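For reference, the structure is listed below as structure tokens.
Number of protein chains: 2
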Amino acid sequence: MLKIPNHQVAGHEASADKLGPLVDDSGRFYKPLQSGKRGAEEAAFYESFSSNTKVPEHIRKYFPTYYGTKVMKASTGVEHPHIVLQDLASTRVNPSIMDIKIGSRTWGPEASEEYIAKCLKKDRESTSVPLGFRLSGLRVFINDESGFYKPNRDFIRKTGPDDVRVILRKFVSSNSSEKLDTAPDCSLASSVYGGTNGILAQLLELKAWFEDQTIYHFNACSVLFMFEKGLVLNGASSNAEVKLIDFAHVTEGKGVIDHNFLGGLCSLIKFIFDILTETTGHAATNGQLEF
Amino acid sequence: MLKIPNHQVAGHEASADKLGPLVDDSGRFYKPLQSGKRGAEEAAFYESFSSNTKVPEHIRKYFPTYYGTKVMKASTGVEHPHIVLQDLASTRVNPSIMDIKIGSRTWGPEASEEYIAKCLKKDRESTSVPLGFRLSGLRVFINDESGFYKPNRDFIRKTGPDDVRVILRKFVSSNSSEKLDTAPDCSLASSVYGGTNGILAQLLELKAWFEDQTIYHFNACSVLFMFEKGLVLNGASSNAEVKLIDFAHVTEGKGVIDHNFLGGLCSLIKFIFDILTETTGHAATNGQLEF
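Chains A and B, in that order, give the protein sequences. Throughout the first sequence, residue numbering follows the UniProt record's numbering, covering 1 to 291 in sequence. Throughout the second sequence, residue numbering follows the UniProt record's numbering, covering 1 to 291 in sequence.
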């Protein structure tokens, strides 16, 4: 039984004349191959990555499991190839999700002039250039009655540096809708961002890999933050998880680290770290964490 | 007694109709204020930095000491303001020097469209975009007879990623002129790049600061590597030193780390680390060094 995923916060969505991603009951996510080179290149990345013995095992958990490609028939009868992936939210109840595009530059050196100009404009108009990353989408679970805080794409597109700082706080706040806008309490920060299994610890593990890996350059790739507020409020672990997604513009590393991704990742880490420091009083020494 | 410095490897040089930097006998370096906003902004940076109590003491040693500004009269009789700095090479005998401009982006977000377009073109044509840094100049001491290996600016401007890798090896090689071009031996790598006081250790100390500092963004700034081959050959320490120079495009950090500089710095660190690993067999774990 295929259906439209209800947890998507960014990226292409299905409409009357456009294919969108689908999920099934067995935890698989079907992503239509994007047009032009992009779809083929994303599939090629998953093929390469899933069989690359140089990728350490502890890093694989940050990527969706890849199950190959599959041609699927749309309701219009048209056939289209899809990438079959793990549905990252299938086992979750009301997950809060944030999609953050990493890097101050979202184009690879080998892209066309036209594409570079288009990306550069977006990078300069968004927070990509000033912050090294930009928000692509989010949804924050409030409660059963209010549902989700889910700003629309126009709002997301216009977020400036200060908005980003506020949204990263809202993401880990337990306020009701009215208060969330004016005074996010950050009361979930230590359970979601902090701790040995929290988002910050996972970002730091990724950072260590990015300081060393020279296999891939993850142009225009996103990190996804996910957790479940319900679990935290019941005293359980937040089940916080970081995943990398969107690999249509990955290029070969050619022996050079992905300094563009790494720089943006370090900037995001600093934002998360600042929120943790402010709200929980954890201390930092030379950029190293002390939990 | 003012004279033209003989150790300069990049940047503006004096000519019949242009002011260049000067040095005196007491170890001071006089840098003419650059035209337009640039000169004033570089002086403003030095003023701010030298009195900023948020800059840790162990980081100050990576910056030239600042002695203020001084109006000086050129031989033509024209008066021009200069920034007075420590002459970084004044106490050295035949120093080998490399100037590396850090960052895949050499423009700040607040620059003019014209300036951004000019920088972006250079960044894409050089190794700045692919590597996150580019060579601006170097001179490598060979011996008293042959003097220095000092490629000209045109050669430097055209260096590609592979050339950069070779030049970083040549910089720590003890071959004679002929062999240096064909088979650099990297025999000085462990004494210059390695060790607890070597260039890699210093770059890692800077990296830790850049992961945390949100005061300044060092657009188009260079790191300088310096050491003395004569000392190494006599069994002494190489006196290897890393300095940051060229602050005409520094902007305020506004609470965000300098992800552009940090990314490029990490890429350079990986290059140096690879040379050390190849030549000395030092091992790496998760990007951390084991000496």
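Even for Gly, the Cβ is constructed at its ideal location relative to N, Cα and C. Model, not experiment: these values are computed from the prediction.
beta-carbon residue i near the ligand FAD non-hydrogen atom, thresh 7 Å
i      : result
V55(B) : Because no ligand of any kind appears in the structure shown, any question about the ligand FAD cannot be addressed here.
Contact with chain B by residue i, beta-carbon distance below 8 Å
i              : result
I257(A)        : yes
P130(A)        : yes
N219(A)        : no
E211(A)        : yes
R124(A)        : yes
P161(A)        : yes
residue 296(A) : Look at the range of chain A in this structure, 1 to 291, and you will see that residue 296(A) is not part of it.
Three-state secondary structure assigned by DSSP to residue i
i              : result
Y62(A)         : coil
I215(A)        : coil
P95(B)         : coil
K270(B)        : helix
L276(A)        : helix
V129(B)        : helix
L188(A)        : coil
I4(B)          : coil
Y67(A)         : strand
N175(B)        : coil
I116(A)        : helix
Y156(A)        : Contrary to the premise, residue 156(A) reads as Ile rather than Tyr in this sequence. In this structure, I156(A) counts as helix in the three-state DSSP scheme.
G11(B)         : coil
L224(B)        : strand
L22(B)         : strand
G195(B)        : coil
G263(B)        : helix
residue 349(A) : Residue 349(A) lies beyond the range of chain A shown here (1 to 291); nothing can be said about it.
G281(A)        : coil
G137(A)        : strand
Q288(B)        : Confidence at Q288(B) is low in this model, with a pLDDT of 48, below 50, so the placement of that residue should be treated as unreliable; the coordinate-derived value is given next. If DSSP states are grouped into helix, strand and coil, Q288(B) belongs with the strands.
Cutoff 8 Å: residue i Cβ touching any chain A Cβ
i       : result
K54(B)  : no
R169(B) : no
E114(B) : no
P184(B) : no
R60(B)  : no
P151(B) : no
L244(B) : no
Residue span of the beta strand (DSSP E) that contains residue i, given as start and end
i       : result
N52(B)  : Taken as a continuous stretch (DSSP letters only), N52(B) belongs to no beta strand (DSSP E), as it is neither H nor E.
E252(B) : V250 to E252
P109(A) : No beta strand (DSSP E) contains P109(A), which DSSP labels as neither H nor E.
E79(B)  : E79 to Q86
K170(B) : Here K170(B) belongs to no beta strand (DSSP E); instead the alpha helix (DSSP H) covers P161 to K170.
K31(A)  : R28 to P32
Host alpha helix (DSSP H) of residue i (start-end)
i       : result
Q202(B) : I199 to F210
K150(A) : From DSSP, K150(A) is part of no alpha helix (DSSP H); its letter is neither H nor E.
I245(B) : Premise fails: I245(B) lies in the beta strand (DSSP E), E241 to I245, not in any alpha helix (DSSP H).
K229(B) : K229 to L233
Nearest-angstrom Cβ-Cβ length linking residue i and residue j, presumed shorter than 8 Å
i              : j       : result
K70(A)         : V84(A)  : 5 Å
G263(A)        : H259(B) : 4 Å
S104(A)        : R105(B) : 7 Å
A189(B)        : L276(B) : 6 Å
Y62(A)         : L206(A) : 6 Å
S90(A)         : V23(A)  : 7 Å
N219(A)        : G108(A) : 4 Å
residue 294(B) : A248(B) : Outside the modelled stretch of chain B, which goes from 1 to 291, sits residue 294(B), for which no answer is possible.
| query | What residues in the stretch 190-201 of chain A have a beta carbon less than 7 Å from any beta carbon of chain B? | reply | none
| task | With 7 Å as the C-beta to C-beta threshold (strictly closer), list the residues of the stretch 259-274 of chain A near chain B in chain order. | result | H259, N260, L262, G263, G264, C266, S267 and K270
| task | Using a Cβ-Cβ cut-off of less than 7 Å, give me the residues of the stretch 93-104 of chain A that come near chain B, in sequence order. | result | S104
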